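Residue numbers (our numbering): 4 to 465. Think of the CB as a built atom: it goes at the ideal place given N, C-alpha and C, for glycine as much as any other residue. Values in this document were obtained by computation on a predicted structure and should not be read as measured data. Notes for the one structure printed next.
As structure tokens, then:
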């Protein structure tokens with residue numbers, strides 16, 4: 004058998020059921036791995052070994068008595084710093100929040116994990132306020148990509164991706180307001196899903212932000228979505244309970260499936276050559292399995308990122324203004340400058356941006372008419388330096404991800420190969436029509452089965 008920390012959540016659950024492995028054994032293996040690897044990647048914070056092992060022992064007793072709590076009983080899970088977990092501090096990556104008291108409540112994702120019997124053993128790092136696409140934080144320092152410690156894991160669910168790719172737990176919960184689950188999943192070779200808006204309830208409620216599962220396999224992604232999805236009346240935007248079962252995924256029969264390929268990003272720029280090569284190889288695999296793939300140019304337009312950034316910056320400004328002047332001074336200078344400019348933003352600029360976003364959304368959704376799915380590179384790049392706060396716009400996630408937060412469509416990243424220039428993972432993005440989370444997972448499962456390479460996960464040296 005593989006090391007226990009290498010097993011997927013689905014494999015661990017099967018081993019628990021057969022009695023071959025106990026939750027205490029699995030949790031101990033994952034904690035040992037995390038303690039050995041975390042000094043190298045700096046992905047995990049507020050890790051509590053004693054509490055995790057105590058919960059694992061309780062889970063073991065439930066398995067022995069046949070009284071398991073739910074689908075994830077005894078599975079160690081990590082949760083992003085921006086998601087409230089009762090009795091654990093929430094810094095949101097910002098140095099000004101150091102010393103904050105532990106959270107007094109569980110956000111819906113944390114509550115659902117606990118109700119399912121999962122063991123929340125750690126929180127994961129993120130950049131300040133979740134406003135960067137990188138693993139650089141004033142509170143936590145630099146989080147590194149386990150495939151190459153000189154590279155960035157992407158953001159803002161930086162620690163979630165770095166930890167999961169390093170076998171520091173099979174499941175992690177991130178959040179995505181503009182690509183923050185999908186981009187780090189792509190940078191680290193993982194499966195990361197931003198579900199249909201409202202599928203996973205969250206706090207505070209948001210029309211564009213969603214929690215999302217980050218995993219090494221598509222099956223595990225569906226398993227975690229099954230637990231997280233549902234209704235919570237604290238989130239006014241959540242959807243009714245899903246009728247689909249995400250836990251037992253069957254690969255989509257690709258014969259006749261119509262897929263739109265958009266290779267270009269905003270400003271009609273193509274991704275880096277190594278990224279484009281991997282995506283086109285994925286397209287060839289899908290075609291060989293019977294899918295009908297048609298390529299069309301990007302219709303987002305030239306000013307989308309500038310327009311979409313306005314409400315995101317204003318959201319960060321609101322959080323920044325709630326801090327005392329003393330605390331604001333602890334935030335990085337570039338954030339202070341950005342929020343200073345945002346505070347001077349005029350109402351007419353905000354109103355025009357909101358109106359322009361509606362026009363762009365309608366144009367993009369119209370392009371999807373007649374297709375079952377849209378695919379694209381998840382990012383125009385495969386790697387950037389660990390210490391860089393924000394990747395260059397030409398090759399960042401800006402080209403492909405934030406539009407789907409605006410429209411609410413489900414969008415998933417899955418590894419489609421490795422850039423021949425640097426041997427770093429490349430992500431393929433799969434976008435479905437709104438509410439078709441199951442279809443997106445089924446297409447990802449089909450691609451996972453035919454992609455033709457094995458994931459040889461890294462072991463970074465501390």
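Exercise. Grouping DSSP H, G and I as helix and E and B as strand, with all else coil, what is residue 410?
Worked result: Position 407 of the chain shown holds residue 410. Of the three classes helix, strand and coil, the one that applies to residue 410 here is helix, per DSSP.
For this session: Evaluate contact between the stretch 117 to 125 and the stretch 65 to 85, counting only Cβ atoms and requiring at least three cross-stretch pairs below 8 Å.
Result: With three or more CB-CB distances shorter than 8 Å, the stretch 117 to 125 counts as touching the stretch 65 to 85.
Exercise. Among 25, 157, 461, which has the Cα closest to the Cα of residue 58?
Worked result: Taking the chain shown and counting its residues from 1, the one referred to as residue 58 is at position 55. Checking every option, the nearest Cα to that of residue 58 belongs to 25.
Problem set entry | Integer Cβ distance of residue 111 from residue 238, believed to fall under 8 Å | If you number the chain shown from 1, residue 111 lands on position 108. If you number the chain shown from 1, residue 238 lands on position 235. Contact flag correct, Cβ pair sits at about 6 Å.
Exercise. Where does residue 454 sit, in a helix, a strand or coil, going by DSSP?
Worked result: Translated into the one-based positions of the chain shown, residue 454 becomes position 451. Per DSSP, reduced to three states, the secondary structure at residue 454 is coil, with no helix or strand assignment.
Problem set entry | Which listed residue (46, 133, 387) has its alpha carbon closest to that of residue 213 | Taking the chain shown and counting its residues from 1, one reaches residue 213 at position 210. Out of 46, 133, 387, 133 has the C-alpha closest to the C-alpha of residue 213.
Exercise. Based on the DSSP secondary-structure assignment, which residues constitute the bridge partners of residue 127?
Worked result: By 1-based counting over the chain shown, the position of residue 127 is 124. 47, 83.
For this session: Reducing DSSP to helix, strand and coil, say where residue 343 ends up.
Result: Indexing the chain shown from 1 puts residue 343 at position 340. DSSP places residue 343 in helix when its eight states are reduced to three.
Exercise. When the Cβ atoms of the stretch 86 to 105 are set against those of the stretch 280 to 290, are three or more pairs found closer than 8 Å?
Worked result: Contact fails: fewer than three Cβ-Cβ distances are below 8 Å.
Exercise. How would you call residue 177, buried or exposed, if buried means at least 16 neighbouring beta carbons within 10 angstroms?
Worked result: If you number the chain shown from 1, residue 177 lands on position 174. Buried, since its Cβ has 16 or more Cβ neighbours within 10 Å.
Problem set entry | Candidates 272, 314, 92, 246, of which the one nearest residue 354 by Cα | Stepping through the chain shown from its first residue, residue 354 is reached at position 351. Here the closest residue by C-alpha is 314.
Problem set entry | Reference residue 1; option with closest CA among 222, 455, 367, 312 | The requested residue 1 is not part of the displayed model; the chain covers only 4 to 465.
Exercise. Taking the Cβ atom as the reference point for each residue, do residue 388 and residue 169 lie within a distance shorter than 8 Å?
Worked result: Counting from 1 along the chain shown, the entry for residue 388 is found at position 385. Counting from 1 along the chain shown, the entry for residue 169 is found at position 166. No. Outside cutoff.
Exercise. Taking Cβ positions, are residue 32 and residue 16 nearer each other than 8 Å?
Worked result: Looking up residue 32 in the chain shown gives position 29. Looking up residue 16 in the chain shown gives position 13. No. Outside cutoff.
Exercise. Just to confirm, are residue 427 and residue 385 a CB contact at a threshold of 8 Å?
Worked result: Sequence index remark: in the chain shown, residue 427 carries index 424 (1-based). Sequence index remark: in the chain shown, residue 385 carries index 382 (1-based). Yes. Within cutoff.
For this session: Can you say whether residue 182 is buried or exposed, counting buried as having 16 or more other CB atoms within 10 angstroms of its CB?
Result: Here residue 182 corresponds to residue number 179 of the chain shown, with the count starting at 1. So residue 182 ends up on the buried side.
Exercise. Quick one, are the C-beta atoms of residue 233 and residue 115 less than 8 Å apart?
Worked result: Locating residue 233 in the chain shown gives position 230, where the first residue counts as 1. Locating residue 115 in the chain shown gives position 112, where the first residue counts as 1. In this structure, residue 115 lies closer than 8 Å to residue 233 by Cβ.
Exercise. In whole angstroms, what is the alpha-carbon distance linking residue 148 and residue 367?
Worked result: On the chain shown, position 145 is the one that residue 148 refers to. On the chain shown, position 364 is the one that residue 367 refers to. CA-CA distance, residue 148 to residue 367, rounds to 32 Å.
Exercise. So, are the CB atoms of residue 296 and residue 286 less than 8 Å apart?
Worked result: The residue labelled residue 296 in the question sits at position 293 within the chain shown. The residue labelled residue 286 in the question sits at position 283 within the chain shown. Cβ atoms of residue 296 and residue 286: closer than 8 Å.
Exercise. With a Cβ-Cβ cutoff of 8 Å, do residue 138 and residue 153 count as a contact?
Worked result: As a first step, residue 138 is located in the chain shown; it is residue number 135 there, counting from the start. As a first step, residue 153 is located in the chain shown; it is residue number 150 there, counting from the start. Against a cut-off of 8 Å, the Cβ pair of residue 153 and residue 138 comes out as no contact.
Problem set entry | Sub-8 Å separation of residue 131 and residue 394 beta-carbons | The count along the chain shown starts at 1 and reaches residue 131 at position 128. The count along the chain shown starts at 1 and reaches residue 394 at position 391. Not closer than 8 Å, so no.
Problem set entry | Endpoints, alpha helix (DSSP H) assigned at residue 363 | Translated into the one-based positions of the chain shown, residue 363 becomes position 360. Per DSSP, the continuous alpha helix (DSSP H) segment holding residue 363 begins and ends at 350 to 371.
Problem set entry | Proximity to residue 431 [Cα-Cα], best of 189, 77, 161 | Translated into positions along the chain shown, residue 431 becomes position 428. Among 189, 77, 161, the Cα nearest to that of residue 431 is on 189.
Problem set entry | Simplified DSSP state of residue 132, which is helix, strand or coil | On the chain shown, residue 132 is found 129 positions in, with the first residue counted as 1. Of the three classes helix, strand and coil, the one that applies to residue 132 here is helix, per DSSP.
For this session: Could you tell me the distance, in whole angstroms, from the CA atom of residue 191 to the CA atom of residue 347?
Result: The sequence position of residue 191 within the chain shown is 188, counting from 1. The sequence position of residue 347 within the chain shown is 344, counting from 1. Roughly 38 Å separates the two Cα atoms.
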